[in-house]
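Here the structure is laid out as structure tokens; the discussion comes afterwards.
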Amino acid sequence: MKKRYYIDKIADYVGREVTIQGWLYNIRTSGKLMFPQLRDGTGIIQGVVSQKEVTEQVWEDFKKLTQESSIIVTGTVSKHPKKDEFELQVKDIKIIQIAEPYPITPKDHGVEFLADHRHLWVRSPKQVAILKVREEIIKACRDYMYENGFTLFDSPIFTPNAAEGTTTLFSTDYFDLGKVYLAQTGQLYAEAGAMALGKVYDFGPTFRAERSKTRRHLNEFWMIEPEMAFYDLYDDMDLIEDFIVYIVERVLKNRSKELAILERDISKLEAVKKPFPRITYDEAVDIINKKNVPLIRKKADGSEEEIRPFPWGEDFGAPHEEAVVEDYDRPVMVYNWPSEAKAFYMKRDPDNPKVVRGVDVLAPEGYGEIVGGSEREDDLELLSSRIKEHNLPMEAFEWYLDLRRFGSVPHSGFGMGIERVVSWICKLDHLREAIPFPRLMYRNRP
RNA sequence: UCCGAAGUAGCUCAGUUGGUUAGAGCAUCUGACUGUUAAUCAGAGGGUCGUAGGUUCAAGUCCUACCUUCGGAGCCA
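As numbered in the working numbering, the first sequence has no gaps in its residue numbers, which increase by one up to the final residue, 1127.
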């Protein structure tokens, strides 16, 4: 195989001649010296071009370069005289292409402009750092699953019916079989997998046609959904906690360089240790009421009313999550939710049928829900009556009910949104930077 | 879908109570500089002021509609 050199490994070649293939990130000139910044996807290195050390041709070639021109540069690796890094004493250059004037400059840009140029924006150092952290998080998820006896059990993306709500699905035509929907979760299929393989997970893109326009929502996002036979809610919470700690530790260990580029406060991540606080929905409502945070509800005439105390049974909004989380330095697990606020498949607490054995994990620093999980209803009669209560088409769930007919066992699982975790760990302003090409309500390009 | 905000040079923005030739920084181009770090300095080019209509002697500025985008809410991961 051809010998290739990359900037992130350049320290191994001090004093030796190497060839770097990449793009010009920036160039500064100072009389008979030029300082091109060369990037290759693994990092950025400064080149030093001295007019008296190179041929006339090389000097003229460097003068022609524009930002993002593609080049192959040969030179000797040396220590930077002022900084604790390496630079390249340039000897030769081969120009692959002189780039047209590049729209993204090292100066500030607005959100819309950057979003329109997402295909170029991903070249910027911060975006590269985020994508590296994303990769580490995904790899950590898969490694954790592999090391702990889970089997990958991917679910279909075309699904014939809705797993949760029905209003928030994208649909498309499927030959002569009518409409199919893009999966908003693979959970029901993962449950079938858990009955076959014990512990499984699916991992893939999911789609929600919610007309939501906030920094915490994408219409296409990636989710990992583990599902475990013979796990109750408490086993589920133990696993979630262990899993999240593992992921954060992996990023701290392997992506410290990227976190530094993102100016992330590492101490906030180092605090993410076991055990996570576990509070019931009722206790969370107490905290909300103690802080006097109202529920804001729209009235028929369009005006808003503030309701205090917080009415039992309502789901939390962003201000309520914030009130619950702000006293802690690590993710908070809120469990035992009112059944009316949650999906049909969640198991009712036998001691209190008004609540279900579900858990939401709220990330620190205002990042909201990163994990939602539950023990699943394993009783055939209860499950089918809940399907009816939710007005879901029974025939579409016959296969799912089979799982309760043929060796039903207690089981649990959860789903974790990858972009929300990336966003939290990188402390991003918006989910759109946590995925290469975000799909938002008002943006489906590039 | 609802509430709020914004559209002026390639980009980020300024533009006064409506007033005569629409400004700056960056980017681009030309030049100076042998250690630059968002380099600096000198010069040049670059505009359908989102679109359409209206008020006025006069509209980037005021009014109406539309378009686009941004922020938030609800829903959720």
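C-beta atoms are modelled at their ideal positions from N, C-alpha and C, and glycine is treated no differently.
Skipping 5 residues on each side, what residues in its chain have a beta carbon closer than 8 angstroms to that of residue i?
i	result
residue 803	809, 812 and 1117
residue 746	705, 708, 717, 752, 776 and 779
residue 1075	1065, 1068 and 1069
residue 835	867, 883, 884 and 885
residue 913	1038, 1056, 1091 and 1093
residue 929	950, 953 and 1106
residue 763	none
residue 761	727, 767 and 768
residue 852	860, 861, 862 and 863
Cutting at 6 angstroms between CB atoms, please list the residues of its own chain near residue i, excluding the five before and the five after it.
i	result
residue 815	1103
residue 826	882
residue 958	1009 and 1013
residue 927	825
residue 1101	1051
residue 1119	899 and 1113
residue 801	785
Since residue i contacts residue j with CB under 8 angstroms, what's their CB separation in whole angstroms?
i	j	result
residue 822	residue 945	Not quite, the Cβ-Cβ distance comes to about 20 angstroms (not below 8 angstroms), so this is no contact.
residue 1027	residue 1065	Actually they are not in contact, since the Cβ atoms of residue 1027 and residue 1065 sit about 15 angstroms apart, beyond 8 angstroms.
residue 870	residue 837	7 angstroms
residue 730	residue 714	7 angstroms
residue 921	residue 1095	6 angstroms
residue 972	residue 941	Not really, about 35 angstroms apart at Cβ, beyond 8 angstroms.
residue 938	residue 1046	Going by Cβ atoms, the distance from residue 938 to residue 1046 rounds to 22 angstroms, so no, they are not a contact pair.
residue 726	residue 768	6 angstroms
residue 755	residue 772	5 angstroms
residue 1040	residue 965	Incorrect: roughly 11 angstroms between the Cβ atoms, too far for contact.
residue 1115	residue 842	Between residue 842 and residue 1115 the Cβ distance is about 29 angstroms, and since that is not below 8 angstroms, they are no contact.
Around the Cβ of residue i, are there at least 16 other Cβ atoms within 10 angstroms (buried) or fewer (exposed)?
i	result
residue 738	exposed
residue 1018	buried
residue 792	exposed
residue 917	buried
residue 840	buried
residue 1023	buried
residue 855	exposed
residue 876	buried
residue 1123	exposed
residue 1109	buried
residue 1087	exposed
residue 711	exposed
residue 969	buried
residue 857	exposed
residue 978	exposed
residue 1085	buried
residue 656	Outside the modelled stretch of the chain, which goes from 682 to 1127, sits residue 656, for which no answer is possible.
residue 947	exposed
residue 1001	buried
residue 703	buried
Please identify the residue among the options whose C-alpha is closest to the C-alpha of residue i.
i	options	result
residue 931	971, 817, 839 and 986	817
residue 989	995, 975, 879 and 912	975
residue 900	995, 692, 828 and 1112	1112
residue 1042	685, 797 and 956	956
residue 1083	1073, 1060, 1047 and 1098	1060
residue 832	850, 795 and 873	873
residue 1049	743, 712 and 897	897
residue 999	755, 1115, 744 and 895	895
residue 806	728, 734 and 943	943
residue 994	1007, 919, 830 and 1034	1034
residue 719	691, 736 and 960	691
residue 1006	741, 1080 and 960	960
residue 693	967, 749, 759 and 741	759
residue 1029	765, 878 and 1062	1062
residue 1044	1011, 1078 and 1025	1011
residue 828	756, 757, 923 and 771	923
residue 962	851, 991 and 985	991
Once the 5 residues before and after residue i are set aside, which same chain residues still bring their CB inside 7 angstroms of it?
i	result
residue 687	721 and 723
residue 887	864, 865, 866, 902 and 904
residue 799	1118 and 1127
residue 743	715, 717, 730 and 774
residue 936	813, 814 and 817
residue 1097	904, 905, 1051 and 1052
Three or more C-beta pairs below 8 angstroms linking the stretch 878–892 and the stretch 1057–1072: no
Segment contact flag, the stretch 1085–1098 with the stretch 785–803, C-beta cutoff 8 angstroms, min 3 pairs: no
Cβ pair count under 8 angstroms reaching 3, the stretch 900–919 against the stretch 868–884: yes
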